[in-house]
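Before any comments, here is the structure.
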Amino acid sequence: MSHHGHTAAADPTFTARKRSTLEIVQRVWIYLRPYPWLALATVGCAVLSLAASFAFPKLTQMIIDEIVKGQRVEWLGKAALALAVAFVLRDLFNSLRIRLNNHLEQHVIFDMRRDLFARLQRLPASYFDQRASGDLMTRVTEDVNSVERVLIDGAEQGVVAVLGIVGVTFILFYSNPILAAVAIAPLPLLAGGALWYTLTAHRRYRRQREAASALNAHLMDCLQGIRQIKAFARQPHEDARFAAHAEELRQGTLGIMRAWANYNPAMSLIAALGSVLVLWVGGRHVLAGTMTIGELVGFLFYLALFYEPLARLHSLNQILQAARAAGERVFDILDHDPERESGRTEILPSPLRGEVHYERVSFAYESGRRVLQDITLHARPGETIALVGPTGAGKSTLLNLLPALYEASEGRITIDGCDTRTMSLASLRGAIAVVSQEPFLFNGTLRENILYGRLDATEAEMMQACRAANCHEFIMRLPETYDSRVGERGVKLSVGEKQRVSIARALLRNAPILILDEATASVDTGTERLIQEALERLMTGRTAFVIAHRLSTIRKADQILVLHHGQIVERGTHEELLETGGLYAKLARIQNTSFIEESFEKLESS
């Protein structure tokens with residue numbers, strides 16, 4: 028155990044529900060169903076290869092007894108040729124088996140990976156609140172490989188090994204029952220060893236998979252936060268954290284290897300003792316004249332064919348345990364409930380007016396924390412609703428309920444009178460454009476990022492949206508204009524540029540309802556003016572919900588909602604709220620800061 032303690036194991040993110048090996052095997056079996064002929068052909072080739080290898084001991088026995096002792100020179104060449112043919116057939120079928128098996132494997136990996144990715148895309152937002160991206164990546168890439176390798180290689184090799192053992196056992200008892208009984212004497216010990224290994228291996232493999240995931244999750248965090256690490260000069264600190272995760276993985280992997288290092292040679296030794304016993308008993312038979320030397324040699328060769336598949340079953344057992352640990356993590360994602368689609372059959376009317384009602388809506392996260400309580404609001408078509416309040420008042424949560432990223436615990440939300448709970452997610456989300464406070468850009472070109480708003484838009488429509496969003500000019504100045512790459516998360520663009528690109532994307536989407544988390548990022552006045560202008564064009568004629576951080580935005584809003592501790596404590600226009608002299612009026616009086624949250628904090632502390 029590493030001195031850092033259970034870094035990975037203690038984190039519930041990386042664990043998955045325990046499952047039996049049988050359950051995992053049954054689940055993977057479903058993926059084999061579309062390819063029955065490939066699977067049968069693979070096993071068929073393996074059986075033919077095995078049958079060809081049975082010729083070797085029989086021919087050897089014949090050469091010793093009939094040809095060498097009987098001085099039959101003329102048969103020697105034929106016997107040698109027969110042996111050569113048997114070996115060629117054995118390896119030819121083996122080569123075919125490997126090719127077929129690889130095709131089967133890659134089909135299954137592809138199907139499983141695609142299912143896994145499709146399910147990840149359809150899981151509710153709350154699932155990702157509790158998982159590390161690096162861990163999920165490990166599951167889609169490495170764990171799928173591990174599950175499949177086991178089960179397909181495992182199934183095929185297992186079938187061949189069992190057939191081999193059954194076939195050889197039959198031949199051994201047929202040719203010499205007494206020696207056969209001696210040969211299988213070590214079997215109970217071999218079975219006992221296998222049982223011990225199986226029962227203890229799962230814990231070790233599970234720990235290793237979790238450690239690998241924790242390492243990947245940490246690596247991904249560091250790659251995404253590399254600028255912060257450099258800015259705080261925290262490289263030594265991250266080195267130490269990475270080393271702790273790597274140490275956990277090293278210990279986990281060594282645990283597996285240590286057990287295998289004890290188990291594998293021990294099984295080998297027990298099998299070898301079987302051969303020693305056979306030689307001792309068989310030798311006495313040859314001396315007594317009840318058996319020929321050829322028969323003994325042939326028997327020993329068959330014995331090798333008996334113990335070889337037994338050894339293969341042991342290493343299969345090792346693979347199977349690895350698959351079980353990885354399988355739990357893969358099926359953990361596949362079995363998680365996706366976002367609710369049942370009962371969501373309605374399509375929003377077109378054209379949509381964009382009238383939004385929240386009727387006594389409350390919401391709590393899974394942990395039971397009430398975030399919103401009894402929220403009622405009415406946005407008429409084309410109105411701008413500004414939400415203000417201190418950090419943590421529930422402004423973002425309130426807006427996340429509209430596109431059903433989360434579902435309300437109580438109450439209902441309607442758009443043009445239709446309940447959002449009965450609408451298809453595609454129709455509902457198609458009516459809403461979102462511009463977030465920190466715009467996310469994919470690692471691709473500017474064109475790809477802007478067209479994400481509407482994939483089938485024409486070049487002219489895209490440029491028109493960019494002109495309206497005040498980003499056409501700066502894009503045209505770039506060496507590759509719209510084909511310039513933005514880097515991961517848009518790192519090659521400034522904050523102001525990213526914001527305008529995300530506004531262009533929303534303009535292109537042309538949705539009747541807009542959710543806007545206003546950027547608090549400090550940009551220079553020129554850029555700020557460009558962004559404000561772009562936002563005003565975006566909001567024209569749309570029902571807009573704005574989490575407002577600037578007083579300039581709020582003044583123009585049709586309704587201002589002041590949120591505090593998950594409740595709406597005041598509502599009205601700028602003028603009405605100033606007259607009532609409540610929380611908002613006090614805020615407006617401080618007005619020395621450009622950001623509202625700061626004013627709230629000053630009020631609370633005074």
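For what it's worth, our numbering labels the leading residue of the sequence shown as 28, then goes sequentially. Each residue gets a CB set at the ideal place from its N, CA and C atoms; glycine is no exception. Note that the coordinates shown come from a computational prediction; the quantities given were computed from them, not determined experimentally.
Asked, Found
"Three or more C-beta pairs below 8 Å linking the segment 597-609 and the segment 427-441", "no"
"Residues sharing a beta bridge with R598, DSSP", "L588"
"Contacting residues, own chain, Cβ-Cβ under 7 Å from I256 (five flanking each side not counted)", "C249, Q262 and E265"
"Residues near I192 in its chain [Cβ-Cβ closer than 6 Å; skip 5 each side]", "P336"
"Environment of M503 [buried if 16+ CB atoms lie within 10 Å]", "exposed"
"Alpha-carbon spacing of T34 relative to H272, whole angstroms", "Per-residue confidence for T34 stands at a pLDDT of 38, beneath the threshold of 50, marking its modelled position as unreliable; no derived number is given."
"Cβ-based burial, Y392 [other Cβ within 10 Å; buried from 16]", "exposed"
"Spatial neighbours of L592 in its chain, beta-carbon cut-off 7 Å, leaving aside the 5 residues before and after", "In the sequence on display, residue 592 carries His and not Leu. A420, listed in sequence order."
"Coil, strand or helix - S8 by DSSP", "The chain is shown only over 28 to 633; residue 8 falls outside these bounds and no answer can be derived."
"C-alpha gap between P151 and P365, whole angstroms", "6 Å"
"Cβ-Cβ distance between A270 and D162 below 8 Å", "no"
"Any C-beta of chain C under 8 Å from that of F120", "Given the protein chain composition of this structure (a single chain), no chain C is represented."
"Ranges of the beta strand (DSSP E) found wholly within the segment 428-501, counting only runs of at least 3", "437-442 and 459-462"
"Nearest-angstrom beta carbon gap, I459 and L429 [assumed within contact, 8 Å]", "6 Å"
"Best match in A68, R146 and M139 for proximity to L123 [C-alpha to C-alpha]", "A68"
"Three-state secondary structure assigned by DSSP to F144", "helix"
"Three-state secondary structure (DSSP) of N286", "Sequence inspection shows Ala at residue 286; the Asn mentioned does not correspond to that position. DSSP places A286 in helix when its eight states are reduced to three."
"Per-residue DSSP class, three states only, for S377", "coil"
"Cβ contact (3+ pairs, closer than 8 Å) linking the segment 439-457 and the segment 472-479", "no"
"F358 (DSSP reduced to helix, strand or coil)", "helix"
"Counted within 10 angstroms of its Cβ, other Cβ atoms place S295 as buried (16 or more) or exposed", "exposed"
"Reference F390; option with closest CA among P376, L425, I360 and P417", "L425"
"Beta-carbon contacts of E18 that lie in its chain and below 7 Å, excluding the five residues immediately before and after", "Past the boundaries of the shown model lies residue 18; the chain is included only from 28 to 633, so the question cannot be answered."
"Where the beta strand (DSSP E) containing F390 begins and where it ends", "V383 to A391"
"Any 3 or more C-beta pairs closer than 8 Å across the segment 161-175 and the segment 90-105", "no"
"Cut-off 6 Å between Cβ atoms - residues of its own chain near A73, not counting five sequence neighbours on either side", "R124 and V187"
"Residue nearest to Q464 in terms of C-alpha spacing, selected from C493, Q235, I542 and R396", "I542"
"For F83, the first and last residue of its enclosing beta strand (DSSP E)", "Looking at the DSSP string, F83 is not in any beta strand (DSSP E); the run it does join, the alpha helix (DSSP H), is A82 to M89."
"F83 versus R126 - alpha carbon distance", "25 Å"
"DSSP three-state assignment for A571, whether helix, strand or coil", "strand"
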